[in-house]
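Working notes, beginning with the structure itself.
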Amino acid sequence: MLIGTGAQGASALDIATRLIQQFGSLRAVADAEPVVLERVAGVGSAKALRMKAAAEFGRRIVSHTAEPMPAVRTPEDVARLVMDEMRTLDREHFRVILLNSKNRVLSVETISVGTLNASIVHPREGLKPAIMKSAAAIILVHNHPTGVPTPSQEDIAITKRFVKAGEIVGIDVLDHIIIGNGQFQSLKELGVL
Numbered sequence: 002m003l004i005g006t007g008a009q010g011a012s013a014l015d016i017a018t019r020l021i022q023q024f025g026s027l028r029a030v031a032d033a034e035p036v037v038l039e040r041v042a043g044v045g046s047a048k049a050l051r052m053k054a055a056a057e058f059g060r061r062i063v064s065h066t067a068e069p070m071p072a073v074r075t076p077e078d079v080a081r082l083v084m085d086e087m088r089t090l091d092r093e094h095f096r097v098i099l100l101n102s103k104n105r106v107l108s109v110e111t112i113s114v115g116t117l118n119a120s121i122v123h124p125r126e127g128l129k130p131a132i133m134k135s136a137a138a139i140i141l142v143h144n145h146p147t148g149v150p151t152p153s154q155e156d157i158a159i160t161k162r163f164v165k166a167g168e169i170v171g172i173d174v175l176d177h178i179i180i181g182n183g184q185f186q187s188l189k190e191l192g193v194l
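This note's numbering puts the first residue of the sequence shown at 2, with every later residue one more than the last.
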């Protein structure tokens, strides 16, 4: 698709074969200057520039050093990760933080958006993204729009259901953090887990 057809109806395969034969490797084609690429039958200036742009795009993708995933070791780490956004939400948002085997964050998934004081959630919704992304462990997080992070009986019950479901599929539930207005509560520190 990148090469397209050439003059006199040459196919992309014909042109690609010529490029590899002349330059010896795909790397050499990518490193060649556009004016040199244009010397190959079927490669004009627009095609040469398109190939150079694609090669540069590929180089940038490979050389891009992604931000390291933050590690989550304590409830404070979780709070730092989500507090700024979740403390101001006007409805309960239930999220799952997916972790790899070194407790580095793979992603933060919103599982449910509820009402002012409730969020209906089932472990299957929280574990599905964890299974899909091969997470080793998860941390449950939700906010209390009232600003007070005291766990309710429903919070404790859903935590226990997640732990049981996680055990079945081999995904550890490390904690459940409740976010309030500038404060948080860890159900693990409260002895629920």
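C-beta: ideal position from N, C-alpha, C; glycine also.
Only a predicted model underlies this, so the values are computations on that prediction, with no experimental measurement involved.
Legend entry - Proximity winner among V73, E39, M133 and P35, relative to A56 (alpha-carbon distances): P35
Inset, instruction - With DSSP as the reference, label R96 as helix, strand or coil. - result: strand
Legend entry - Helix, strand or coil at Q186 according to DSSP, with G and I counted as helix: strand
Legend entry - Residue burial classification, R96 (beta-carbon count within 10 angstroms, cutoff 16): buried
Inset, instruction - Out of G59, D15 and L27, state which residue places its alpha-carbon closest to the alpha-carbon of A42. - result: D15
Legend entry - Rounded separation between A47 and L107 - CA only: 40 Å
Inset, instruction - Just tell me which of D176, K103 and P150 has its CA closest to the CA of Q186. - result: P150
Legend entry - Given L188 as reference, the closest of A13, T75, L20 and V44 once Cα atoms are compared: T75
Legend entry - Nearest neighbour of G183, chosen from N144, L27 and T18 [CA to CA]: N144
Inset, instruction - Note down the Cα distance separating V170 from Q23, rounded to an integer number of angstroms. - result: 54 Å
Inset, instruction - Determine the closest residue to Q193 out of D85, A49, D91 and T160, with distance taken between C-alpha atoms. - result: What sits at residue 193 in the sequence shown is Val, not Gln. Closest by alpha carbon: T160.
Inset, instruction - Can you give me the Cβ contacts of L27 inside the same chain, cut-off strictly under 8 Å, excluding the 5 residues immediately before and after it? - result: I21
Legend entry - In DSSP terms, what L141 is bridged to: V97 and H177
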